[in-house]
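For reference, the structure is listed below as structure tokens.
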Amino acid sequence: MATIRIRNTGALVEGDAQVRAYLTQNDVYYDHWDVQQIPSHLQNRFDLSDADKNELLAALKGDIESLSAARGYVKWDVIALSDATPNIEELLKKFEQVHTHTEDEVRAITAGSGIFVIKGKDGYFDVILQPGDVISVPEGNPHFFTLTEERQVVAVRLFIDPSGWVAQPFADPEFQQA
Ligand SMILES: [Fe+2]
Numbered sequence: 298m299a300t301i302r303i304r305n306t307g308a309l310v311e312g313d314a315q316v317r318a319y320l321t322q323n324d325v326y327y328d329h330w331d332v333q334q335i336p337s338h339l340q341n342r343f344d345l346s347d348a349d350k351n352e353l354l355a356a357l358k359g360d361i362e363s364l365s366a367a368r369g370y371v372k373w374d375v376i377a378l379s380d381a382t383p384n385i386e387e388l389l390k391k392f393e394q395v396h397t398h399t400e401d402e403v404r405a406i407t408a409g410s411g412i413f414v415i416k417g418k419d420g421y422f423d424v425i426l427q428p429g430d431v432i433s434v435p436e437g438n439p440h441f442f443t444l445t446e447e448r449q450v451v452a453v454r455l456f457i458d459p460s461g462w463v464a465q466p467f468a469d470p471e472f473q474q475a
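Residue numbers are given in this note's numbering: position 6 of the sequence shown equals residue 303, and the series is strictly consecutive.
Shown next as structure tokens:
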């Protein structure tokens with residue numbers, strides 16, 4: 298279950314109903330998938346082969362297809378990040394820049410944890426995501442994604458048009474590092 302930390306005040310938003318309400322207010326889609334659908338040999342694994350990734354997508358097919366039908370996604374893949382990822386430090390530095398996209402950015406966390414830092418109506422907030430959390434940052438909304446101290450995550454990404462998913466840097470004087 299996701300937790301929210303509001304950067305201006307340090308206040309936490311916890312509990313399913315409160316988290317959903319806060320994200321809805323900020324136009325961020327949020328849902329939860331049952332990760333017990335994932336075969337046990339793929340749970341808590343971060344070094345996934347292409348065959349493992351395909352098996353993971355097959356296990357979540359029902360959820361992926363219903364979300365895609367509702368929201369127009371046509372492609373999906375799996376991203377796995379951990380200290381075993383080559384150049385992880387460089388990748389994280391690249392990720393941790395506020396940016397926008399010309400389509401929404403969707404992630405379904407299937408293992409580990411991650412943080413979306415999102416510009417909301419009252420400033421930036423962090424959404425700390427756990428397995429099963431599904432989130433979509435709206436098109437054009439400044440944000441970035443990073444890892445938690447656990448430093449490992451597996452997520453399904455869904456796209457309307459993968460070519461639209463190029464990061465446009467967004468230099469924002471309102472953004473302050475936590
Ligand atoms: Fe992004």
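Each residue gets a CB set at the ideal place from its N, CA and C atoms; glycine is no exception.
Residues sharing a beta bridge with residue i, DSSP
| i | result |
| --- | --- |
| Gln409 | Note on residue identity: the sequence assigns Gly, not Gln, to residue 409. In the DSSP output, where bridge partners are listed per residue, Gly409 has Val450. |
| Arg302 | Leu309, Asp423 |
| Phe456 | Lys372 |
| Ser433 | Tyr326, Val403 |
| Phe442 | Phe413 |
| Gln465 | Thr397 |
| Leu388 | According to DSSP, Leu388 bridges with nothing at all. |
| Ala377 | Val451 |
Contact belief for residue i with residue j at Cβ below 8 Å, rounded distance in angstroms
| i | j | result |
| --- | --- | --- |
| Pro439 | Phe467 | 5 Å |
| Thr397 | Gln465 | 5 Å |
| Leu320 | Leu339 | So it is not a contact: roughly 28 Å between Cβ atoms. |
| Leu389 | Thr443 | 6 Å |
| Gln280 | Phe441 | Outside the displayed span of the chain (298 to 475) sits residue 280, for which this structure offers no information. |
| Trp373 | Ile361 | 6 Å |
Proximity of residue i and residue j at Cβ, strictly below 8 Å
| i | j | result |
| --- | --- | --- |
| Val424 | Ile412 | yes |
| Leu378 | Val450 | yes |
| Lys350 | Val375 | yes |
| Gly432 | Tyr327 | The sequence given here has Ile at residue 432, not Gly. Contact flag set, yes. |
| Gly275 | Val332 | Residue coverage of the chain in this structure runs from 298 to 475, which leaves residue 275 outside it and unanswerable. |
| Ala405 | Asp344 | no |
| Ile303 | Phe422 | yes |
| Leu455 | Tyr370 | yes |
| Ala356 | Gln334 | yes |
| Gly420 | Glu471 | yes |
| Val316 | Val325 | no |
| Trp462 | Glu387 | no |
Contact test: residue i Cβ vs ligand 3 heavy atom, cutoff 7 Å
| i | result |
| --- | --- |
| His338 | As presented, the structure is devoid of ligand 3, carrying ligand 1 as its sole ligands. |
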